[in-house]
Every structure is written in structure tokens, then in C-alpha cells.
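Residue numbers (the working numbering), protein chains in the order written: chain R, 1 to 616; chain E, 617 to 820.
All residues carry an ideal CB built from backbone N, CA and C; glycine is no exception.
Only a predicted model underlies this, so the values are computations on that prediction, with no experimental measurement involved.
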Amino acid sequence: MSGKSAIGIDLGTSNSAIAVAEGEDAPIRVVETTQILGPNRIGERETLASALYVPHPEEFPAGAFSLPWHEASGDLTVSSVAGHFAREHGALVPDRLITSAKSWLSNPHIDPHEAMLPWQSLSVAPKISPLTCSRRYLEELREGMLHALAQRDQALEVEHSQVVLTVPASFDEVARNLTLEAAQQAGWGSPLMLEEPQAAFYAWTEAVGSGWREQVGPGDVILVCDLGGGTADFSLIAIAEQEGQLRLERISVGEHILLGGDNMDLALAYTLRDQMEQAGTTIDEGQFLSLIHNASQAKASLFEDETLAEVPIALPSRGSSLFAKTVSTKLDRELLQGVILDGFFPITAIDEQPEEGDATGLSEFGLPYATDPAVSRHLARFLARSLINVQGNAELAALVGERAASGQALLPSAVLFNGGVFKAAPVRTRVLELLNHWSPNAQVRALEGYQPDLAVAKGAACYGRMRANGKGLRIKAGTARSYYIGLQSSRPAVPGFKPTIKALCVVPQGMEEGSEEVIEGQTFGLVVGKPARFRFFSSEVRSGDRPGEILGNAENTLEETSALEIALPPMQEFPQGATVPVRIESVVNELGVLELWMHHTNSERRWKVEYQVRTS
Amino acid sequence: MKSAAIILASLLPLLIAATLIPAAEPFGFELRLGALVAAVALLPVVIGIVRGSAEPDSSPAASAPPPPPTASATACDDQVVMLLALLQERGRLIDFLMDDITAYGDDQVGAASRVVHEGCREVLQEHFSVVPMREEAEGSEVTVPVGYAADEYRLVGTINGQAPFNGRLVHRGWRTTRVKMPRLAQSGGDRLPAIAPAEVELQS
Chain R
1 MSGKSAIGID LGTSNSAIAV AEGEDAPIRV VETTQILGPN RIGERETLAS ALYVPHPEEF
61 PAGAFSLPWH EASGDLTVSS VAGHFAREHG ALVPDRLITS AKSWLSNPHI DPHEAMLPWQ
121 SLSVAPKISP LTCSRRYLEE LREGMLHALA QRDQALEVEH SQVVLTVPAS FDEVARNLTL
181 EAAQQAGWGS PLMLEEPQAA FYAWTEAVGS GWREQVGPGD VILVCDLGGG TADFSLIAIA
241 EQEGQLRLER ISVGEHILLG GDNMDLALAY TLRDQMEQAG TTIDEGQFLS LIHNASQAKA
301 SLFEDETLAE VPIALPSRGS SLFAKTVSTK LDRELLQGVI LDGFFPITAI DEQPEEGDAT
361 GLSEFGLPYA TDPAVSRHLA RFLARSLINV QGNAELAALV GERAASGQAL LPSAVLFNGG
421 VFKAAPVRTR VLELLNHWSP NAQVRALEGY QPDLAVAKGA ACYGRMRANG KGLRIKAGTA
481 RSYYIGLQSS RPAVPGFKPT IKALCVVPQG MEEGSEEVIE GQTFGLVVGK PARFRFFSSE
541 VRSGDRPGEI LGNAENTLEE TSALEIALPP MQEFPQGATV PVRIESVVNE LGVLELWMHH
601 TNSERRWKVE YQVRTS
Chain E
617 MKSAAIILAS LLPLLIAATL IPAAEPFGFE LRLGALVAAV ALLPVVIGIV RGSAEPDSSP
677 AASAPPPPPT ASATACDDQV VMLLALLQER GRLIDFLMDD ITAYGDDQVG AASRVVHEGC
737 REVLQEHFSV VPMREEAEGS EVTVPVGYAA DEYRLVGTIN GQAPFNGRLV HRGWRTTRVK
797 MPRLAQSGGD RLPAIAPAEV ELQS
């Protein structure tokens, strides 16, 4: 074994996993983690369900959820349990179950440090913050991995390995920072951050070996289409040639879309339940949970074996009488096609955008689930926005050549599928059909070598190995978005008109790791001892904006990301109440994390700006 | 005694799985029913063994003083109960076997057996890697090689001479190449753990 080891962590919305590359040449392998499989049951699994259950103090025997490392630390009063058991048991006790903590991290309406999960729970106190929840998963993954390795007399030095943690491409800097914070608290050191679709791409290059260069070449634009359990994540990667070398660049990322395989299983279960009710059979909550599980299995069987016409489904009651109370139904191919392919992947026009939810209705505040289930329309929106993005920047436009010149969307030449939804070949075929429908003059192809399982974790390990050993072809990426600070327009107040907010670009899209930039021309006066707050905006489609540029109307063209807050403590040279002139300095550090600093105009002193609580 | 209990308990899902897999389909319902009867017959044996070891005094053969219970014996019993618990949790096996089958029609038994088949199969696939002992089709001529493992073959009919033996494959046999059971976080309580807890729904 030579070279440094790399550890890739996929902290997923519904499942998490770890892959390891031990040394430069060793194959990348997914490592099992020791975890709770049930009350008083411990074992190893490749994935850890990203679910946390908060039991009632009397619900389970004392020590039923104690893991070896809890015992080692003397902390046997485990107040929450993570993993598959949590998800399964929590389905029957939903008030005590936390899921999708990751999506709460990127929710623009809440403060992820605030203990607010399980959302709207009346039984759990104290509650848990989205950040703590992510930290718990990362802790269980770390300890579980080390314990499982020790079981086999293996060891891995986390401190001396290159750790890579993946995040959705749709995560903004605030969500990325929070994820990093959770990882540091969980003892992972300071991992590198990598976007999930890029990880999927690295996993693909690793899986197909050196032959990947035969499948793609200069001029290709690759759509990484990642559909997991709970989220859809899109990215485009352009391939060009520069001085005889291949050059890969991630040229656009999608928005955070809460739509995935779980929605599909639910849709099937609801449809089957309706069918049963019309036939006079009602089922209880427990049977409905079995129905979701069974419908998902039946879906997989039908998609896998095209000769099957239907799959029978039997649903036991929760009572012990199995013969008397089991009801049956069946999933047939027609229903499956209708619900999954036509419901989620309809052949739509390229200009059809997702339908917005009913904005006037009183919708329950919570996670911003996608209201339009059609992945097709979300994909169309992404490709249209990608076109706008590359057209904003001559360099990006040159990279994709003619594709940027016309049309309503930036259409890819090839697609790399990722995520469990695409295990079903008919779903892959349908998405290809859709892309070719939009692109009548050029054939869109699927990259060979789709990996159904845990590609993101493997890709993260692969990237970590490249970074540790300085070998391999990296995707040029940088920040996925450009960032802006809101400037209050100085003009007299007019009744009935809100003053518009101007925006100062402080971070351009594509700003790379290890670079920093002082924004010239704009000086701010910070009053010592008095906290200053700024509104912070971002956009994933404005590749042309340069640092220092000012946009007219921030609220119309940008998304509000968070607030920034800075309070200068009184210092010797700057007493309480003094005004300090500063310029903004943006830094993207070596880990790929964005930091903003207030840099004193007349000296080298600078103060870090903190991301603040997001409130609606 | 304990290992016998584990083997028998392990046999239960094998038996159920073996009879419910698609390959058994052509043989129709008789086979399935036969297997059920066999499985039902097997359960008391397992339970008996587990009980016997848990309460040594109740054993009629216990004329000599029973050996003092050791921690490992209890852990072993707990582990057997865990296997039953897994089969019940996923595959409702105990519900299936403890219910009175005679009162129900084939359609109801059929629907219930799908539940058992799917769930127990999941348990089997997760915790064991079951493969046939012989890959050949049943009914074909096979050779039992020199130096075969006697526990892997059961010779029936007329047994004479020395291996290799030639004969007709009646049952292909099963073995597992892997056992990956969950471990107990703690064991050795004063009673056996529950197979399935009584479930009580609380109203809000």
C-alpha cells in the first residue's frame, strides 16, 4: 500500500454510506458500519438510514440502544437512535421520528441551529436541531465504521486520511458550511466538500476505468441526473480540449428539488389503496405501510422482468391472525407505467416548466416539497436555466460551443444516471426518450456503466485519493453560485413603495479553492460594538457577474440566502462607537468553503463575517 | 442441545423458503401444505429445546443435577429467540404457525403465505447466503465424490461398496456459506427475551 488513504462520506437525505480507498492503487470499497438494527440488536450494514428516532424514556429496556462506543464513553443514556430501525419503528410513531434533516439544513426559512425537530412534534422534548441531527449521523458513521473495521482486525486512521464529504450541488454556501460544521463536531476533522453529481461522475470514471475517455470527448456536455430517495439533483459537466489535454468543467447546477423515489413509492401505494377502497376493502395505517414497502418491491420486479404482467401483493393486518385478516391486491404493468413513467416522467415540451403550488391557499409550513411531481418539467427548467447561465459568460459559452447559441435550453449530448430510481431500466429509457424528444437533431446517449449502489460514496473516495496523491483528472468547478450583499438604496421613502435593494457581487460563480478577492470600490462603515447585519443573496444562473458589480433589484433577480452579521468588539485602536472603514474580502479556502471577511481599508486587520439565522 | 436448537431454528426458514420458491410451484398446493405441516411440527421441537434449556428442571430426563446455567448458554438461547423474532417481525412466521390453518380456505392461506414467503426470504437473504448443495436438476444422475463430507449428503436406497457413488438426485440440498446474525447489545437476563412484543396503540 502506498500513498494516503481516502474516505468518502455520502451523507444522504434518506441513506448514508462510507467508501474507502486505502492507498493509491487499492480498489475503492464500501465499508460496513456497526449500528443499531433493533432494540438490543447490533450488526453491520453498508448503509445507515438517515433517520433519527427519539424514544420515550419507558418505551424500550434500558441499554437497548447502547452501542459499544457508548459503553466505552460511559454514556449509556442514549436519547436518540439512528438508522434503519429508527425509520421503520418511527413510521408507526411518527411524532418521534426525524427524517430529511439534510433538507432542513438548506431550508431558507429556519435556523438550522435551533432545536425544532421532529417538526411539529408534541411528544418530544427537548427537540433536536437539524445540525445536531446531521452530526449524530456523522458520529454514528464514524464510530460505526471504526468499530466494524476493528471487528475484522482492520484499522483506518481518520486523522491521516483524506476525508471527503459530499453535499448536493444545490446546496448554497450556508448549507455547505453547516454540513462542514456538523462533520467537524462529529470528529471527522476538516473534510473536503464535493458536490454529489460530481462524485457520481468520478465514480463512473473509476468504474469504467481508462475506457471512460472512449465514451466522452471534447464537445460533450454531460447531464448528471441524480434521483435519490428524497431529492433530485442535476448538474452539467462540459468536456473540452486544452493544449491536447481533456478539460472537465461543471458549468451549471440545479435548484434543491425535494422529489425522489420515495414520492414514487408513495404514489403507487396511494393509487393501489384507492383501487382497493373502490373494491370495498379498507386498510389500516399499518397495512398502508406494508403497502408502500410491497409496492416498491413489486415495482422493482416488474421493471426488472419485462415478461411479468403483474405482481400480487398481500398485506397482513397488524394483529396476529394472519389467515383471517390478510388482504390481497396486485400491481399490474399498466398501473405502474401510468403512475411512474407517465406520472413522474411524462414526455413534455421543453418549454413546460414545473407547476407552482397554490400560493393563495394556506399551506402548512414545513419542508418545501416540490408541488409538481413531473421530473420532466423540473429537468426542463434546469436545462433552460443552464442556458441562461452559460450565455452570461463568454468563457462558458465558448466551452459548450453551438449549444449555447440558440434554442430554449442547453441540451446535453450524454447523460450519466445516478440514484436508486434509475435501477429500473425503463425509467432510464424514458428519460433518454425525453431528452431526445427535446433534441431532435442530435442523439443524446446514456453513458455505459451506471452503478446502482452507493456511487456517490465511492466517487467521494475516488476524489479524495486524487486530492491526496495529486493524480487524476479533476473537474474544474469552484463556487456553484455567485453571491451578493444587499445595499439599501439611499432615496427618500415613498408611501406604498418599498425601497429596492441593490446587490453588490462579492463572489463570482466559479471562484476556485484557495483564492481570495478584495471587493474594491465599495467601502462600508462598521460601528464598533454595534452589530451590523447585511442581507445575503445568491444566484446559480448569473455566471457573468464580476466582483464589485452592482445589480439594480436584488429581490427580483436573486434568491435570498441568509443574513450576514458582524459585530466588532471594542479594541485598543477602535473604541466603542468608533466607525471603522472596511472593504469586503471573499475567500474560498482549500476545503472549498466560502468565507467573507471585513478588511480594514488602512491596515491588514480583518474580521470574519458569520452567516446568520435565516428567518422568513 | 443449544446448537441443535440453532440448527433447527435455522431450518425453519429454509424449509419455508424451499417450499414457497417458484421452483416448487408446479407441485401445487399439496407440497406447500405438506411443508407447512412439517414446519408446524418442527416449531414445538425448537420451542421445546429452547424451553428445555431455559428450564432444566422441567426436563423429565433430569435425574442428575443440571449443570449450573452459564452466561454463554443464556446468550445462546437469546440468540435463538432473536432469529425467531426476526422471522416473526419480517415474515410473521410465528403468527403463521400458531394460527389454526384448518378453518381457512386456500385463497386465505395463499395470501398469508405470500407474506411469510416475502418476509422470511428477506431475513434469509440478509443473514445467510443459501445455495444449493448440488447445482444439477433434481432427478438427474449425479456422482457423490470420493471423500465427500458425510453431513452434506444423505444416501438412501441400497448403499454398498465405496465412494464415488452414482445415483439419482432426489433433493439438491441446501447450505449457507455465510451467517451474519445481529449481535445482542446485552444478554443474560433472568428470562428469555420476547419473540414479538404485544403491540398497544395509544390514542393522542
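Closest by C-alpha distance to residue i, when choosing among the options
i, options, result
"R/VAL518", "R/GLU512, R/VAL527, R/VAL507, R/VAL167", "R/VAL507"
"R/ASP220", "R/CYS505, R/GLY228, R/ARG250, R/PRO191", "R/ARG250"
"R/GLU255", "R/SER190, R/ALA370, R/GLY407", "R/ALA370"
"R/VAL541", "R/ALA397, R/PRO531, R/TYR53, R/PRO575", "R/ALA397"
"R/CYS617", "R/SER190, R/PRO168, R/GLY338, R/GLU241", "Only positions 1 to 616 of chain R appear in the structure, and residue 617 of chain R is not among them; the question remains open."
"R/SER321", "E/MET698, E/ASP694, E/ASP716, E/THR690", "E/ASP716"
"E/VAL732", "E/PHE744, E/ASP722, E/ALA810, E/PHE712", "E/PHE712"
"R/HIS600", "R/ARG381, R/PRO581, R/SER100", "R/PRO581"
"R/ASP95", "R/ASP265, R/VAL124, R/ASP453", "R/VAL124"
"R/GLN509", "R/GLY496, R/TYR484, R/PHE497, R/GLY521", "R/TYR484"
"E/MET797", "R/GLY43, R/GLY577, R/GLU88", "R/GLY43"
"R/ASN40", "R/PRO61, R/PRO55, R/GLU24", "R/PRO61"
"R/PRO426", "R/GLY338, R/LEU551, R/ASP262", "R/GLY338"
"R/ALA442", "R/PRO412, R/ASN15, R/LEU180, R/PHE201", "R/PRO412"
First and last residue of the uninterrupted alpha helix (DSSP H) at residue i
i, result
"R/TRP204", "196-208"
"E/TYR720", "Note, E/TYR720: premise wrong, no alpha helix (DSSP H); not H, not E."
"R/GLN278", "261-278"
"E/MET714", "709-714"
"R/SER301", "285-304"
"R/GLN215", "212-215"
"R/ARG87", "84-90"
"R/THR557", "554-557"
"R/VAL400", "394-400"
"R/GLU173", "173-185"
Whole-angstrom distance between residue j and residue i, CA atom to CA atom
i, j, result
"E/VAL746", "R/ARG247", "48 Å"
"R/GLY260", "E/GLY755", "48 Å"
"R/SER482", "R/SER539", "6 Å"
"R/ARG176", "R/LEU194", "10 Å"
"R/GLN408", "R/GLY209", "35 Å"
"R/LEU308", "R/LEU302", "6 Å"
"R/LEU156", "E/ARG807", "40 Å"
"R/PRO68", "R/GLU573", "53 Å"
"R/THR231", "R/PRO373", "12 Å"
"R/HIS113", "R/VAL444", "44 Å"
"R/LEU98", "R/LEU48", "According to the sequence displayed, residue 98 of chain R carries Ile and not Leu. Rounded to whole angstroms, R/ILE98 to R/LEU48 spans 14 Å at the Cα level."
"R/LYS608", "R/GLY83", "37 Å"
"R/ALA240", "R/ILE222", "12 Å"
"E/GLN778", "E/ARG770", "15 Å"
"E/PHE645", "E/ARG708", "At E/PHE645 the pLDDT is 43, less than 50, meaning the model places this residue with poor confidence; the figure from the coordinates comes in the next sentence. Their backbone Cα atoms lie some 20 Å apart in a straight line."
"R/GLN576", "R/GLU559", "35 Å"
"R/PHE417", "R/LEU447", "8 Å"
"R/LEU165", "R/ARG377", "30 Å"
"R/ALA51", "R/ILE128", "12 Å"
"R/THR500", "R/GLN488", "7 Å"
Enclosing beta strand (DSSP E) for residue i [first to last residue]
i, result
"R/PRO508", "Counting along the chain, R/PRO508 falls outside any beta strand (DSSP E), and DSSP gives it neither H nor E."
"R/SER386", "Per DSSP, R/SER386 belongs to no beta strand (DSSP E); it is in the alpha helix (DSSP H), 375-391."
"E/TYR769", "Where E/TYR769 is concerned, there is no enclosing beta strand (DSSP E), given that its DSSP letter is neither H nor E."
"R/GLN245", "245-253"
"R/LEU11", "That residue, R/LEU11, is in no beta strand (DSSP E); it is neither H nor E in DSSP."
"R/MET598", "594-600"
"E/THR793", "790-795"
Local Cβ density within 10 Å of residue i, reported as buried at 16 or more and exposed below that
i, result
"E/ILE775", "exposed"
"R/LEU410", "buried"
"R/GLU334", "exposed"
"R/GLN151", "exposed"
"R/ILE347", "exposed"
"R/GLU206", "buried"
"R/ASN589", "exposed"
"R/GLN35", "buried"
"R/SER363", "Caution applies to R/SER363, whose pLDDT of 43 falls short of 50 and renders its modelled position unreliable; the value that the coordinates give is listed next. Counting Cβ neighbours within 10 Å, R/SER363 comes out exposed, since fewer than 16 surround it."
"R/ARG87", "buried"
* Along the chain, which unbroken stretches of the alpha helix (DSSP H) at least 4 residues long are found entirely within the segment 315-354 of chain R? -> Counting whole runs of 4 or more residues, the segment 315-354 of chain R contains the alpha helix (DSSP H) stretches 322-325, 333-336.
* **Uninterrupted alpha helix (DSSP H) stretches inside the segment 435-517 of chain R (no shorter than 4 residues)** => Listed in chain order, the complete alpha helix (DSSP H) runs (minimum 4 residues) inside the segment 435-517 of chain R are 455-469.
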